[in-house]
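Peer 1: 1 is the number of the first residue of the sequence shown in full-length UniProt numbering; add one for each residue after it.
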Amino acid sequence: MSNNANPFSIKNNLRILFNPTQGQLRPVDGLRALSILLVLTIHCVWFLSIFDESVVELFYGAPIWLNWVFNGDLSLDVFFVISGFLISTILMKEYKKTGGIRFGRFYQRRFMRLMPAYLLALGFGLLAAPNKEYIWSNLLYINNLLPASTHFMPWTWSLAIEEQFYFLFPLLLLLGMRNCRPTTLFWSMLLAFIAFVLVRLAVIWRYELFLPICWYETTCEGFFDVIDYIYVKPWTRFGSFLPGIFAAYFHVYHQQAMISFFRRNRAAITWLTGIALLAIAVISTIPVNNQHATFPKFWGALYYASCRHLFTMAICIVMVSSLYADYGICRWISRFLSSSFLYPIAQLAYSTYLFHPFVIAGIYTAIFQFAPELPVLQKIVITTVGGISISLLVALVVFLFLERPFMNMRSSHSERAKAPVLVES
Numbered sequence: 001m002s003n004n005a006n007p008f009s010i011k012n013n014l015r016i017l018f019n020p021t022q023g024q025l026r027p028v029d030g031l032r033a034l035s036i037l038l039v040l041t042i043h044c045v046w047f048l049s050i051f052d053e054s055v056v057e058l059f060y061g062a063p064i065w066l067n068w069v070f071n072g073d074l075s076l077d078v079f080f081v082i083s084g085f086l087i088s089t090i091l092m093k094e095y096k097k098t099g100g101i102r103f104g105r106f107y108q109r110r111f112m113r114l115m116p117a118y119l120l121a122l123g124f125g126l127l128a129a130p131n132k133e134y135i136w137s138n139l140l141y142i143n144n145l146l147p148a149s150t151h152f153m154p155w156t157w158s159l160a161i162e163e164q165f166y167f168l169f170p171l172l173l174l175l176g177m178r179n180c181r182p183t184t185l186f187w188s189m190l191l192a193f194i195a196f197v198l199v200r201l202a203v204i205w206r207y208e209l210f211l212p213i214c215w216y217e218t219t220c221e222g223f224f225d226v227i228d229y230i231y232v233k234p235w236t237r238f239g240s241f242l243p244g245i246f247a248a249y250f251h252v253y254h255q256q257a258m259i260s261f262f263r264r265n266r267a268a269i270t271w272l273t274g275i276a277l278l279a280i281a282v283i284s285t286i287p288v289n290n291q292h293a294t295f296p297k298f299w300g301a302l303y304y305a306s307c308r309h310l311f312t313m314a315i316c317i318v319m320v321s322s323l324y325a326d327y328g329i330c331r332w333i334s335r336f337l338s339s340s341f342l343y344p345i346a347q348l349a350y351s352t353y354l355f356h357p358f359v360i361a362g363i364y365t366a367i368f369q370f371a372p373e374l375p376v377l378q379k380i381v382i383t384t385v386g387g388i389s390i391s392l393l394v395a396l397v398v399f400l401f402l403e404r405p406f407m408n409m410r411s412s413h414s415e416r417a418k419a420p421v422l423v424e425s
């Protein structure tokens, strides 16, 4: 039975969830799965720190090799890299094939993919979340442009960033493809990448957001400044999409050259991938959020302005290597990221992200009501294990009964609809 024949078929949707299609992009799903697991972990710890100050002290005293947990917000940049790569691949392939982009079809598919589960999550938010009067900003995907103190369901800022990217990028891509030579387009993207670093540096200097930043002490002075000025704004986060766009350009327009390049330069690619992994590890462990750490003013600002961009470049190198290189460390990375156990987690990532704060809040409420004297480490373990497990179960229900059915109907509608194509004149 096809997806389109019965979009609400649980059996069919379970098969889709657990049986990955044979394709070249399986490692991308693995990256998405690891990222959502890290998001869940960091939010379990971060939300707990709001109610229990001992968590903050535990963080400040943690060994450096555990800092990757407390720098878990970098996982959202991985999502941006993936989105930049996948959306750019779709649009560039369409442009390469038709000479244009079907904007109506693109935005309709995005709406059908994202809005049903989002509306359900907003409905849950109306039951308990503060700032209900600002739900309109979530519906318009501009909540990240409002002051942080007014955010309704504040974790949805990243969805706003993605939607703003989805809205602007197809238009910019079409203009660039129509009016620029490929080399000009390439250098324009590179300059944009540098410009986003400079914008972040200017914001850091203007609002004195010097390291260490105030993040785990939500009552400290400067906490909302970090969110308002640099953490959730498109002009300080769009740079994370660009490595994925770069990768998509070569993947679509120079695929055979990429295959040949990766075959001829095995040693260099292996070393480059190893360096990228090292960069990911180093950036993930630098304690930018630790109030006990000290950083030189200028060099700390320069690092904070560029660290997300360096991190996304390294992630992109690992992602592309896992797609094109079937040797050495790249092969092991590809096999791990292509693992069958990661695939369903990747498919559940969107609904998991939407609903996990409700789950974590419920676990916190139970802990502080029935076992407030538990040691902090036990609270963290219970919250993390329970939060991840229950969030994935909730996401499974949403996926089977809402998210996937609308995706199936989206596919059915796309086959029938013939949206106009904007082509080169």
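Even for Gly, the Cβ is constructed at its ideal location relative to N, Cα and C.
Evaluate Ala33 with the Cβ neighbour count: other Cβ atoms within 10 Å of its Cβ, from every protein chain shown; 16 or more gives buried, anything less gives exposed.
Peer 2: In the sequence shown, residue 33 corresponds to position 33, counting from 1. Label assigned to Ala33: buried.
Peer 1: Beta-carbon within less than 7 Å of Lys418's beta-carbon, same chain only, minus the 5 sequence neighbours each way: which residues are those?
Peer 2: Position 418 of the sequence shown, counted from the first residue, corresponds to residue 418. With a pLDDT of 48 at Lys418, under the threshold of 50, the modelled position of that residue is not reliable, and the figure given next carries that caveat. For Lys418, same chain residues with a beta-carbon under 7 Å away, outside a window of 5 residues either side, do not exist.
Peer 1: Is it buried or exposed, Asn408, if we count other Cβ atoms within 10 angstroms and call 16 or more buried?
Peer 2: Locating residue 408 in the sequence shown gives position 408, counting from the first residue. Here Asn408 is buried, its C-beta having at least 16 other C-beta atoms within 10 Å.
Peer 1: What distance in whole Å lies between the Cβ atoms of Gly239 and Val282, which are believed to be in contact at a cut-off of 8 Å?
Peer 2: Translated into the one-based positions of the sequence shown, residue 282 becomes position 282. Translated into the one-based positions of the sequence shown, residue 239 becomes position 239. Not confirmed; about 19 Å, so no contact.
Peer 1: Does the distance from the C-beta atom of Met92 to that of Tyr249 stay below 9 Å?
Peer 2: Residue mapping note: residue 92 aligns to position 92 of the sequence shown, counting from 1. Residue mapping note: residue 249 aligns to position 249 of the sequence shown, counting from 1. Yes; because the gap between Cβ atoms is below 9 Å, this pair is in contact.
Peer 1: Does the segment 380-392 touch the segment 355-370, meaning 3 or more C-beta pairs lie closer than 8 Å?
Peer 2: yes
Peer 1: Along the chain, where does the alpha helix (DSSP H) containing Ala202 start, and where does it finish?
Peer 2: Taking the sequence shown and counting its residues from 1, the one referred to as residue 202 is at position 202. 182-206 is the span of the alpha helix (DSSP H), which, as asked, contains Ala202.
Peer 1: Hey, Val288 and Thr236: beta-carbon distance below 9 Å or not?
Peer 2: As a first step, residue 288 must be located in the sequence shown, where it is residue number 288. As a first step, residue 236 must be located in the sequence shown, where it is residue number 236. No, Cβ-Cβ distance for Val288 and Thr236 is not below 9 Å.
Peer 1: Quick one: give me the first and last residue of the alpha helix (DSSP H) that Phe320 is part of.
Peer 2: Here residue 320 refers to the residue found at position 320 of the sequence shown. Going by the sequence as given, residue 320 is Val instead of Phe. Where Val320 is concerned, the enclosing alpha helix (DSSP H) stretches over 297-324.
Peer 1: Please state whether DSSP places Val421 in a helix, a strand or coil.
Peer 2: As a first step, residue 421 is located in the sequence shown; it is residue number 421 there, counting from the start. The predicted model places Val421 with a pLDDT of 43, which falls under 50 and marks its position as unreliable; any figure quoted below should be read in that light. Taken through DSSP and simplified to helix, strand or coil, Val421 comes out as coil.
Peer 1: Considering only residues of the segment 54-79, which uninterrupted alpha helix (DSSP H) runs meet the minimum length of 4 residues and lie entirely inside it, listed in chain order?
Peer 2: 67-70
Peer 1: Going along the chain, which residues of its own chain have a beta-carbon closer than 7 Å to the beta-carbon of residue 426, five neighbours each way excluded?
Peer 2: What is shown of the chain runs 1 to 425, which leaves residue 426 out entirely.
Peer 1: Between the Cα of Ser284 and the Cα atoms of Leu272, Trp299, Cys307, which residue gives the shortest distance?
Peer 2: On the sequence shown, position 284 is the one that residue 284 refers to. For the residues Leu272, Trp299, Cys307, the minimum Cα distance to Ser284 belongs to Cys307.
Peer 1: Pick out whichever of Leu171, Ile333, Ile87 has its Cα sitting closest to the Cα of Thr270.
Peer 2: Translated into positions along the sequence shown, residue 270 becomes position 270. Of the listed residues, the one whose Cα sits closest to Thr270 is Ile333.
Peer 1: If you pair each beta-carbon of the segment 74-89 with each one of the segment 243-257, do three or more pairs fall below 8 Å?
Peer 2: yes
Peer 1: Under 8 Å, with one C-beta from each stretch per pair, do the segment 207-217 and the segment 290-309 reach the 3-pair mark?
Peer 2: yes
Peer 1: Could you tell me the distance, in whole angstroms, from the CA atom of Asp225 to the CA atom of Ala301?
Peer 2: Against the sequence shown, residue 225 aligns to sequence position 225. Against the sequence shown, residue 301 aligns to sequence position 301. Rounded to whole angstroms, Asp225 to Ala301 spans 15 Å at the Cα level.
Peer 1: Could you check the C-alpha separation between Pro182 and Phe406 for me, to the nearest Å?
Peer 2: For this step, residue 182 is matched to residue 182 along the sequence shown. For this step, residue 406 is matched to residue 406 along the sequence shown. Take the alpha-carbon of Pro182 and the one of Phe406: they are about 37 Å apart.
Peer 1: From this set, Leu392, Gly99, Gln108, which residue's C-alpha is nearest Leu174's C-alpha?
Peer 2: Stepping through the sequence shown from its first residue, residue 174 is reached at position 174. Looking from the CA of Leu174, the closest CA among Leu392, Gly99, Gln108 belongs to Gly99.
Peer 1: I want to know whether the segment 257-269 touches the segment 94-108 - three or more CB-CB distances under 8 Å.
Peer 2: no
Peer 1: For the alpha helix (DSSP H) that Thr285 lies in, which residues bound it at each end?
Peer 2: By one-based count along the sequence shown, residue 285 stands at place 285. Unbroken alpha helix (DSSP H) run through Thr285: 266-285.
Peer 1: So, helix, strand or coil for Gly100, using DSSP?
Peer 2: Here residue 100 is taken as the residue at index 100 of the sequence shown, counted from 1. Gly100 falls in the strand class under three-state DSSP.
Peer 1: Can you tell me where the alpha helix (DSSP H) holding Leu172 begins and where it ends?
Peer 2: In the sequence shown, residue 172 corresponds to position 172, counting from 1. From DSSP, the alpha helix (DSSP H) with Leu172 extends over 157-179.
Peer 1: Beta carbon of Gly104, beta carbon of Tyr343: below 9 Å?
Peer 2: Position 104 of the sequence shown, counted from the first residue, corresponds to residue 104. Position 343 of the sequence shown, counted from the first residue, corresponds to residue 343. Not a contact, by the Cβ cut-off of 9 Å.
Peer 1: Suppose the cutoff is 6 Å on Cβ atoms and the five residues either side in sequence are ignored; what does the same chain contact list for Leu185 look like?
Peer 2: The residue given as residue 185 occupies position 185 in the sequence shown. So the list reads Gly176, once near-sequence residues are dropped.
Peer 1: Alpha helix (DSSP H) containing Ile142: first to last residue?
Peer 2: Taking the sequence shown and counting its residues from 1, the one referred to as residue 142 is at position 142. Unbroken run through Ile142: none, as it is neither H nor E.
Peer 1: Under a three-way DSSP split, which group does Lys233 fall into?
Peer 2: Residue mapping note: residue 233 aligns to position 233 of the sequence shown, counting from 1. Coil.
Peer 1: Within 8 Å, do at least three Cβ pairs link the segment 114-130 to the segment 307-320?
Peer 2: no
Peer 1: For a test of the three-state rule: what should DSSP assign to Phe8, helix, strand or coil?
Peer 2: Numbered from 1 along the sequence shown, position 8 holds the residue referred to as residue 8. In the structure shown, Phe8 sits in coil (DSSP, three-state: anything other than H, G, I, E or B).
Peer 1: Kindly indicate which three-state DSSP category Ile42 falls into: helix, strand or coil?
Peer 2: For the purposes of this step, residue 42 is taken as residue 42 along the sequence shown, with counting starting at 1. Looking at Ile42 - three-state DSSP - the assignment turns out to be helix.
Peer 1: Under a three-way DSSP split, which group does residue 426 fall into?
Peer 2: Since the first and last residues shown for the chain are 1 and 425, residue 426 lies out of range.
Peer 1: DSSP three-state call for Tyr216: helix, strand or coil?
Peer 2: Position 216 of the sequence shown, counted from the start, is the residue given in the question as residue 216. The DSSP-derived three-state label of Tyr216 is coil.
Peer 1: Taking its Cβ as the centre, do 16 or more other Cβ atoms sit within 10 Å of Phe18, making it buried, or is it exposed?
Peer 2: Residue 18 sits at position 18 when you count from the first residue of the sequence shown. With fewer than 16 other Cβ atoms within 10 Å, it is exposed.
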